[in-house]
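Structure, as structure tokens:
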Amino acid sequence: MTAMDLKQVMKDYFIDLDLAAGDPDRRVAWCTSVGPAEILRAMGFEVFFPENHGAMLGATRICMDTIPVANAFGYSPDICSYLTSDVGAWQKGITPLTKAYGIESVPNPDILVYNTNQCKDVMHWFEYFGKEFDAPVFGIHPPTHLPQVETNHVADVVAQFEDLIKVLEQLQGRAMVQEDLRKTCALSREATDLWAEVLETAMARPSPLSFFDGTIFMGPIVVLRGTEIARDYYRSLLTELKSKVDANEAAVPGETKRIYWDGMPIWGRLRSLSELFRDNQACVVASTYCNSWIFSDFDGDDPLPSMARAYLKIFINRNDHYKEEYIRKLVTDYHIDGVVFHDAKTCPNNSNSQYNLPARLRDSGIPAVIINGDLCDLRCYSDEQSATVIEAFVETL
Ligand code: SF4
Numbered sequence: 000m001t002a003m004d005l006k007q008v009m010k011d012y013f014i015d016l017d018l019a020a021g022d023p024d025r026r027v028a029w030c031t032s033v034g035p036a037e038i039l040r041a042m043g044f045e046v047f048f049p050e051n052h053g054a055m056l057g058a059t060r061i062c063m064d065t066i067p068v069a070n071a072f073g074y075s076p077d078i079c080s081y082l083t084s085d086v087g088a089w090q091k092g093i094t095p096l097t098k099a100y101g102i103e104s105v106p107n108p109d110i111l112v113y114n115t116n117q118c119k120d121v122m123h124w125f126e127y128f129g130k131e132f133d134a135p136v137f138g139i140h141p142p143t144h145l146p147q148v149e150t151n152h153v154a155d156v157v158a159q160f161e162d163l164i165k166v167l168e169q170l171q172g173r174a175m176v177q178e179d180l181r182k183t184c185a186l187s188r189e190a191t192d193l194w195a196e197v198l199e200t201a202m203a204r205p206s207p208l209s210f211f212d213g214t215i216f217m218g219p220i221v222v223l224r225g226t227e228i229a230r231d232y233y234r235s236l237l238t239e240l241k242s243k244v245d246a247n248e249a250a251v252p253g254e255t256k257r258i259y260w261d262g263m264p265i266w267g268r269l270r271s272l273s274e275l276f277r278d279n280q281a282c283v284v285a286s287t288y289c290n291s292w293i294f295s296d297f298d299g300d301d302p303l304p305s306m307a308r309a310y311l312k313i314f315i316n317r318n319d320h321y322k323e324e325y326i327r328k329l330v331t332d333y334h335i336d337g338v339v340f341h342d343a344k345t346c347p348n349n350s351n352s353q354y355n356l357p358a359r360l361r362d363s364g365i366p367a368v369i370i371n372g373d374l375c376d377l378r379c380y381s382d383e384q385s386a387t388v389i390e391a392f393v394e395t396l
């Protein structure tokens with residue numbers, strides 16, 4: 000399967016969601032990107048991920064027209080620009096799904112489920128849309144910023160999952176079929192293991208893929224976790240990438256430097272940044288962002304506790320020491336020459352440069368640099384400044 004087929008996979012997903020939203024016999028749930036999608040799917044919901052929609056608003060730069068609408072409505076320019084992009088788009092009555100797939104609007108939710116394992120902005124975001132659609136909103140509030148994931152943390156989240164299941168059972172008028180949950184969880188595990196292997200192909204020199212490719216390839220692991228489609232897609236992508244490794248095919252021709260990217264992508268500048276690194280023979284071979292959808296704990300034989308562990312253990316939900324050790328390991332495993340930290344103005348939650356981490360890396364001999372920007376709001380980003388900083392940084396490596 001190739002990138003062409005990825006387009007089809009994503010198209011089919013959105014078209015089916017649209018059909019589900021218009022079908023009285025089907026139900027749609029909105030879910031945060033690292034929320035319990037497996038439970039929703041096992042309970043027969045089609046799942047829509049507003050953050051994915053936010054990324055589309057960013058990548059198409061439609062957000063530059065919609066963020067100010069949300070700002071004028073009272074959502075600060077300093078909060079998550081996925082949220083402001085999305086709220087503004089809703090208020091303007093527009094969506095990138097129209098141009099991409101001929102879909103008029105985001106699908107109406109029957110329930111919205113968020114998990115604050117990533118940040119609390121998702122709570123405000125989902126509460127807004129819960130009111131707009133007059134739909135129930137369910138929040139998972141796990142322990143956060145953990146050095147270790149302990150048994151009591153897992154028990155806490157399992158209890159919250161069980162409460163969620165009761166709400167879903169009422170909406171669907173039927174009980175959860177345990178076998179469905181086991182199967183969904185097992186499928187998520189298969190897909191995420193394959194996604195990990197896909198990313199690991201970048202350990203090869205030269206790397207067959209870059210972070211910028213990864214931000215596109217990651218679509219199914221975000222929106223189709225728990226389905227056979229996601230598993231099959233990554234199986235085929237892995238085959239393709241392995242053959243590129245065998246053929247010494249480089250994502251960045253003449254790769255001489257290998258970079259780690261920490262923080263959010265700058266969606267509206269993926270292409271120009273990709274070209275900037277390419278022109279400097281530097282390949283961004285690993286990132287915190289793409290790795291955030293590796294959930295090695297999922298276990299179909301122990302669905303709820305294993306899901307609780309997986310969603311508690313994510314990088315963004317860990318303490319600073321864990322994050323430092325994590326990045327150091329990837330720097331070694333991927334033979335990284337330098338680390339670029341993206342300090343995203345509206346996502347301090349996923350910007351890791353603010354508590355001395357780059358300085359600690361530098362002290363131990365790992366070059367690191369910080370660029371200022373944002374995931375969506377390009378008012379916070381300067382092409383010239385970033386190009387100067389990145390070019391100078393790569394040159395010193
Ligand atoms: S983690 Fe950052 S980008 Fe994601 S929803 Fe929260 S504030 Fe927004």
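Per numbering that gives the first Met the number 0, the very first residue in the sequence shown carries number 0; after that it's consecutive. Quick reminder that beta carbons are idealized off the backbone N, C-alpha and C, glycines included.
Contact test: Tyr288 Cβ vs the ligand SF4 heavy atom, cutoff 7 Å: Numbered from 1 along the sequence shown, position 289 holds the residue referred to as residue 288. Not so, every heavy atom of the ligand SF4 lies at least 7 Å from the Cβ.
Euclidean distance between Cα positions of Thr97 and Asn51: Here residue 97 is taken as the residue at index 98 of the sequence shown, counted from 1. Here residue 51 is taken as the residue at index 52 of the sequence shown, counted from 1. In a straight line, the C-alpha of Thr97 is about 15 Å away from that of Asn51.
Environment of Met3 [buried if 16+ CB atoms lie within 10 Å]: By one-based count along the sequence shown, residue 3 stands at place 4. Here the model assigns Met3 a pLDDT of 49, short of 50, so the residue's position is not dependable, and the following value carries that caveat. Result: exposed.
Specify whether the stretch 140-160 and the stretch 296-316 touch according to this definition: at least 3 beta carbon pairs, one from each stretch, less than 8 Å apart. The stretch 140-160, when compared against the stretch 296-316, does touch it at the 8 Å Cβ threshold.
In the DSSP assignment, find the unbroken alpha helix (DSSP H) run with Asn70 in it and report its ends. Working through the sequence shown from its first residue, we reach residue 70 at position 71. Segment Cys62 to Phe72, the alpha helix (DSSP H) holding Asn70.
Which one of His334, Asn116 and Asn279 has the shortest CA to CA distance from Val251? Position 252 of the sequence shown, counting from 1, holds the residue named residue 251. Nearest neighbour of Val251 by Cα position, chosen from His334, Asn116 and Asn279, turns out to be Asn279.
Would you report the Cα separation of Ala195 and Pro264, rounded to the nearest angstrom? In the sequence shown, counting from the first residue as 1, residue 195 sits at position 196. In the sequence shown, counting from the first residue as 1, residue 264 sits at position 265. Distance between the alpha carbons of Ala195 and Pro264: 19 Å.
Helix, strand or coil at His341 according to DSSP, with G and I counted as helix: As a first step, residue 341 is located in the sequence shown; it is residue number 342 there, counting from the start. When secondary structure is reduced to three states using DSSP, His341 falls in the strand class.
What runs of the beta strand (DSSP E), each 3 residues or longer, lie entirely inside the stretch 262-327? Within the stretch 262-327, the complete beta strand (DSSP E) runs of at least 3 residues fall at 281-286.
Less than 8 Å separating the beta-carbons of Lys322 and Leu356? Here residue 322 refers to the residue found at position 323 of the sequence shown. Here residue 356 refers to the residue found at position 357 of the sequence shown. In this structure, Leu356 lies closer than 8 Å to Lys322 by Cβ.
N-terminal and C-terminal residue of the alpha helix (DSSP H) that Ala229 is part of: Position 230 of the sequence shown holds residue 229. Residues Glu227 to Asp245.
Could you confirm whether any beta carbon from chain C is found closer than 8 Å to the beta carbon of Pro347? Absent from the structure: chain C. Only one protein chain is present.
Give me, in chain order, the residues of the same chain whose beta-carbon lies closer than 6 Å to that of Asn371; leave out the 5 immediate sequence neighbours on both sides. The sequence position of residue 371 within the sequence shown is 372, counting from 1. Cβ within range, chain order: Asp342.
CA-to-CA distance, Ile164 to Ala386, given in whole angstroms: By one-based count along the sequence shown, residue 386 stands at place 387. By one-based count along the sequence shown, residue 164 stands at place 165. Roughly 48 Å separates the two Cα atoms.
Considering only the alpha carbon of each residue, which of Pro347, Asp300 and Asp362 lies closest to Arg181? Against the sequence shown, residue 181 aligns to sequence position 182. Put simply, of Pro347, Asp300 and Asp362 the residue whose alpha carbon is nearest the alpha carbon of Arg181 is Asp300.
On the DSSP bridge list, what partners appear for Tyr113? On the sequence shown, position 114 is the one that residue 113 refers to. In the DSSP output, where bridge partners are listed per residue, Tyr113 has Gly138.
Would you list the residues sitting across from Leu30 in a DSSP beta bridge? Position 31 of the sequence shown, counting from 1, holds the residue named residue 30. It is worth fixing the name first, because residue 30 is Cys in this sequence and not Leu. When DSSP reads this structure, Cys30 sits in a beta bridge with Val112.
Distance check for Cys184 and Glu178, CA to CA, integer angstroms please. Indexing the sequence shown from 1 puts residue 178 at position 179. Indexing the sequence shown from 1 puts residue 184 at position 185. One C-alpha to the other measures close to 10 Å.
Should Cys346 be listed as close to the ligand SF4, given that the test is whether its C-beta is under 7 Å from any heavy atom? Working through the sequence shown from its first residue, we reach residue 346 at position 347. At least one heavy atom of the ligand SF4 lies less than 7 Å from the C-beta of Cys346.
Spatial neighbours of Leu240 in its chain, beta-carbon cut-off 8 Å, leaving aside the 5 residues before and after: For this step, residue 240 is matched to residue 241 along the sequence shown. Val197, Thr200, Pro207 and Leu208.
May I ask you to report which of helix, strand or coil DSSP gives Phe216? Taking the sequence shown and counting its residues from 1, one reaches residue 216 at position 217. Correct three-state label for Phe216: helix.
Which of the three DSSP states is assigned to Gly372 in this structure? For the purposes of this step, residue 372 is taken as the residue at position 373 of the sequence shown. Of the three classes helix, strand and coil, the one that applies to Gly372 here is strand, per DSSP.
Look at the alpha carbon of Gly225 and the alpha carbon of Arg40, and state the distance between them as a whole number of angstroms. Looking up residue 225 in the sequence shown gives position 226. Looking up residue 40 in the sequence shown gives position 41. Their backbone Cα atoms lie some 7 Å apart in a straight line.
Buried or exposed for Phe392, please, with buried defined as at least 16 other CB atoms from any protein chain shown within 10 angstroms of its CB. Against the sequence shown, residue 392 aligns to sequence position 393. Buried: at least 16 other Cβ atoms inside 10 Å.
Contact set for Ala69: own chain, Cβ-Cβ below 6 Å, skip 5 residues either direction: Numbered from its first residue, the sequence shown carries residue 69 at position 70. In the same chain as Ala69, and ignoring 5 residues on each side of it, the C-beta atoms closer than 6 Å to its own belong to Thr83, Val86 and Gly87, in chain order.
Hey, is the stretch 186-195 in contact with the stretch 15-34, meaning 3+ C-beta pairs nearer than 8 Å? Judged by Cβ distances under 8 Å, the stretch 186-195 makes no contact with the stretch 15-34, as fewer than three pairs qualify.
Using a Cβ-Cβ cut-off of 8 Å (strictly less than) and excluding sequence neighbours within five positions of Leu223, which residues of its own chain qualify? Translated into positions along the sequence shown, residue 223 becomes position 224. Excluding the 5 residues flanking it on each side, Leu223 has same chain C-beta neighbours closer than 8 Å at Val8, Tyr12, Ala190, Ala229 and Tyr232, in chain order.
I'd like the span of the beta strand (DSSP E) that includes Val251, first residue to last. Along the sequence shown, read from residue 1 onward, the residue named residue 251 stands at position 252. According to the DSSP assignment, Val251 belongs to no beta strand (DSSP E), since it is labelled neither H nor E.
State the Cα-Cα distance for the pair Ser381 and Glu324, rounded to the nearest angstrom. For the purposes of this step, residue 381 is taken as residue 382 along the sequence shown, with counting starting at 1. For the purposes of this step, residue 324 is taken as residue 325 along the sequence shown, with counting starting at 1. In a straight line, the C-alpha of Ser381 is about 31 Å away from that of Glu324.
Leaving out five residues on either side along the sequence, give the residues of the same chain with a beta carbon under 6 Å from the beta carbon of Gly218. Taking the sequence shown and counting its residues from 1, the one referred to as residue 218 is at position 219. Counting only Cβ-Cβ distances below 6 Å, and skipping sequence neighbours, we find Met9.
Look at the alpha carbon of Gly364 and the alpha carbon of Gln353, and state the distance between them as a whole number of angstroms. On the sequence shown, residue 364 is found 365 positions in, with the first residue counted as 1. On the sequence shown, residue 353 is found 354 positions in, with the first residue counted as 1. Straight-line spacing of the CA atoms in Gly364 and Gln353 works out to 19 Å.
Is Val118 near the ligand SF4, going by C-beta to nearest heavy atom under 7 Å? Within the sequence shown, residue 118 is the residue found at index 119, counting from 1. Val is not the amino acid found at residue 118; the sequence shown has Cys there. Answer for Cys118: yes, Cβ within range of the ligand SF4.
Within 8 Å, strictly: CB atoms of Gly53 and Cys289: As a working note, residue 53 is residue 54 in the sequence shown. As a working note, residue 289 is residue 290 in the sequence shown. Contact flag unset, no.
Measure the C-alpha to C-alpha separation of Leu269 and Val388 and round it to an integer number of angstroms. Reading the sequence shown from its first residue, position 270 is the one you call residue 269. Reading the sequence shown from its first residue, position 389 is the one you call residue 388. Whole-angstrom Cα-Cα distance: 17 Å.
Can you name the start and end residues of the alpha helix (DSSP H) that Leu46 belongs to? One-based indexing of the sequence shown puts residue 46 at position 47. The sequence shown places Val at residue 46, rather than the Leu named in the question. No alpha helix (DSSP H) contains Val46, which is instead part of the beta strand (DSSP E) from Phe44 to Phe47.
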